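Just so you know, the sequences run in chain order A and B.
If you count by full-length UniProt numbering, then the first sequence holds residues 1 to 143, one letter each, in order.
If you count by full-length UniProt numbering, then the second sequence holds residues 1 to 143, one letter each, in order.
The C-beta atom is built at its ideal place from N, Cα and C for all residues, glycine as well.
This structure is a prediction, so every number in the text was calculated from the model and none was measured.
Below: the structure, in structure tokens.
2 protein chains.
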Amino acid sequence: MAENSRMTIAVHVLAWMALAQRRGQEALTSDQVAASVNTNPVIIRRSLGDLRRAGLVHVRRGSGAGWSLARAPEQITLLDVYDAVKPPPLFGMHHTEPNLECPVGKGIRPALGRVYGEIEQAVRLELKATSVAEVLRESLRVP
Amino acid sequence: MAENSRMTIAVHVLAWMALAQRRGQEALTSDQVAASVNTNPVIIRRSLGDLRRAGLVHVRRGSGAGWSLARAPEQITLLDVYDAVKPPPLFGMHHTEPNLECPVGKGIRPALGRVYGEIEQAVRLELKATSVAEVLRESLRVP
DNA sequence: CGTAGTAGTAACAGAAGTTGTTACGACTGG
DNA sequence: CCAGTCGTAACAACTTCTGTTACTACTACG
């Protein structure tokens, strides 16, 4: 059960909020969102908390509370969501320090760090090319 | 301790084998490799087992055994290593099935699957652009 | 002003994955 | 035959994630 699905959950939440907004429902409770994702409302509140800290959604507390998008779904890219949920890096470095007497052991971490950094940039570029509105449009294409 | 470092370990192992080969040592035992990575030989044997199943290294068993590269380090890309170690996907899908009554819940998985697939392709392209020989060269640049 | 409804968050259990370790059988060169 | 090495199982320790319960904080509305 340990696979990180926070990116998926967050995008699902935003797409569902975008659809509800288009239908005229400007605010949703965590229970209403949880009903679409089919999980516990606390999971949703945790995810929405990440999105709120990143400025992607607004929340109104108290009775009659709810969540709403902070900007148009066309203006929210998956890169915004990625930075909001802060997933772990794709590749981890050594857990123990390599043998620094060995020339490979001494230089491998900066060398790999550069490669991993380029990969991260490529991923960010791909994420930036897709908006929540596009994900919603694609989702609605399924009959 | 749960961050996946198998890609890093495998590339380190191959770079070290490439250097040893260049120095005239055509075969290395798991103990010798473990000395550079600074970890347990069983970890190295597990990693080398992945690389062997992918056809990247050869092994000779018995007394005087050891490991050697199956082809020149210029001909081994990080994509080959990636496919050999089979890391978990960058983004996981929902753990529970979304609510299929909701249009977003019904369509979100194929929509996200397409996006995630494009990202995977971008990562593969980056990995393919770097060889073990280049990682070794970069590592040796560190004084 | 009180109440009810909702967010925020802490605490915990369960599941899964990774590393590191020991142990032992399988294989093979000398 | 035997010594050295691989292959792999088994296990502990650790981390991370999800899901759940429970409780406090906050606020709209009667």
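Given this structure, state the Cα-to-Cα distance separating residue i from residue j, to the nearest angstrom.
| i | j | result |
| --- | --- | --- |
| Arg-141/B | Ala-18/B | 15 Å |
| Ser-63/B | Glu-3/B | 35 Å |
| Gly-113/B | Ile-9/A | 13 Å |
| Asn-40/A | Lys-128/B | 41 Å |
| Glu-117/B | Arg-124/B | Per the sequence shown, the amino acid found at residue 117/B is Gly instead of Glu. For Gly-117/B and Arg-124/B, the distance between alpha carbons rounds to 11 Å. |
| Glu-138/B | Gly-24/B | 21 Å |
| Val-132/A | Pro-103/B | 15 Å |
| Thr-96/B | Gly-105/B | 11 Å |
| Asn-99/B | Arg-46/B | 41 Å |
| Leu-28/B | Leu-69/B | 10 Å |
| Ser-30/A | Gln-75/A | 23 Å |
| Ala-84/B | Gln-32/A | 43 Å |
| Ser-36/A | Trp-16/A | 8 Å |
| Ile-44/B | Ala-34/B | 6 Å |
| Gln-21/B | Thr-77/A | 47 Å |
| Val-81/A | Leu-136/A | 14 Å |
| Pro-87/B | Leu-14/A | 28 Å |
Answer with buried or exposed for residue i, where buried requires no fewer than 16 other C-beta atoms within 10 angstroms of its C-beta.
| i | result |
| --- | --- |
| Arg-71/A | exposed |
| Arg-6/A | buried |
| Val-42/A | exposed |
| Gly-55/B | exposed |
| Thr-130/B | buried |
| Glu-101/B | exposed |
| Pro-89/B | exposed |
| Gly-49/A | exposed |
| Ala-65/B | exposed |
Determine the chain A residues that contact residue i at a beta-carbon separation under 7 Å, and present them in chain order.
| i | result |
| --- | --- |
| Ala-133/B | Ordered by position in chain A, no residue passes the 7 Å Cβ test against Ala-133/B, which lies about 12 Å from the chain. |
| Thr-39/B | Thr-96 |
| Trp-67/B | Residues of chain A passing the Cβ test: none, with the nearest at roughly 15 Å. |
| Ala-15/B | Val-104 and Ile-108 |
| Ser-5/B | Gly-92, Met-93, His-94 and His-95 |
| Glu-126/B | Glu-118, Ile-119 and Ala-122 |
If I follow the unbroken alpha helix (DSSP H) through residue i, where does it start and stop?
| i | result |
| --- | --- |
| Arg-114/B | 103-128 |
| Gly-49/B | 41-53 |
| Leu-78/B | 78-85 |
| Leu-100/B | Taken as a continuous stretch (DSSP letters only), Leu-100/B belongs to no alpha helix (DSSP H), as it is neither H nor E. |
| Ser-5/A | Taken as a continuous stretch (DSSP letters only), Ser-5/A belongs to no alpha helix (DSSP H), as it is neither H nor E. |
| Leu-69/A | No alpha helix (DSSP H) holds Leu-69/A; the beta strand (DSSP E) holding it covers 66-69. |
| Ser-131/A | That residue, Ser-131/A, is in no alpha helix (DSSP H); it is neither H nor E in DSSP. |
| Gln-32/A | 30-37 |
Considering residue i, what are the terminal residues of the beta strand (DSSP E) in which it resides?
| i | result |
| --- | --- |
| Arg-60/A | 57-60 |
List the residues of chain A that residue i touches, going by C-beta distances under 8 Å, in chain order.
| i | result |
| --- | --- |
| Arg-45/B | The contacting residues do not exist; Arg-45/B stays about 17 Å from chain A at best. |
| Gly-107/B | Glu-138, Ser-139, Leu-140, Arg-141 and Val-142 |
| Thr-77/B | Going along chain A, no residue has its Cβ under 8 Å from Thr-77/B, so there is no contact; the nearest lies around 11 Å. |
| Ala-35/B | Asn-99 and Cys-102 |
Please determine, among the options, the residue with the shortest C-alpha to C-alpha distance to residue i.
| i | options | result |
| --- | --- | --- |
| Glu-126/A | Thr-130/B, Leu-127/B, Glu-120/B and Ser-131/B | Glu-120/B |
| Leu-51/B | Ala-122/B, Trp-67/B, Thr-39/B and Val-37/B | Trp-67/B |
| Leu-79/B | Arg-53/A, Thr-96/A and Val-115/A | Val-115/A |
| His-12/B | His-94/B, Pro-73/B, Ala-65/B and Val-59/B | Pro-73/B |
| Gly-92/A | Pro-110/A, Ala-122/A and Ala-65/A | Pro-110/A |
| Arg-60/B | Val-85/B, Glu-26/B, Ala-34/B and Gly-107/B | Glu-26/B |
| Glu-134/B | Ala-20/A, Ala-122/A, Gly-107/A and Pro-143/A | Gly-107/A |
| Asn-38/A | His-94/B, Ala-122/B, Tyr-82/B and Pro-87/B | His-94/B |
List, in order along the chain, the chain B residues whose C-beta lies closer than 8 Å to that of residue i?
| i | result |
| --- | --- |
| Leu-90/A | Pro-87, Leu-90 and Val-123 |
| Val-11/A | Ile-108 and Leu-112 |
| Leu-19/A | Pro-103 and Val-104 |
Report the neighbours of residue i on chain A: residues whose CB is nearer than 9 Å to its CB, in chain order.
| i | result |
| --- | --- |
| Ala-84/B | Going along chain A, no residue has its Cβ under 9 Å from Ala-84/B, so there is no contact; the nearest lies around 14 Å. |
| Thr-130/B | Val-115 and Glu-118 |
| Thr-8/B | Phe-91, Gly-92, Met-93, His-94, Ile-108, Arg-109, Leu-112 and Tyr-116 |
Using the beta-carbon of each residue, which ones in chain B are nearer than 7 Å to residue i?
| i | result |
| --- | --- |
| Ala-111/A | Val-135, Glu-138 and Ser-139 |
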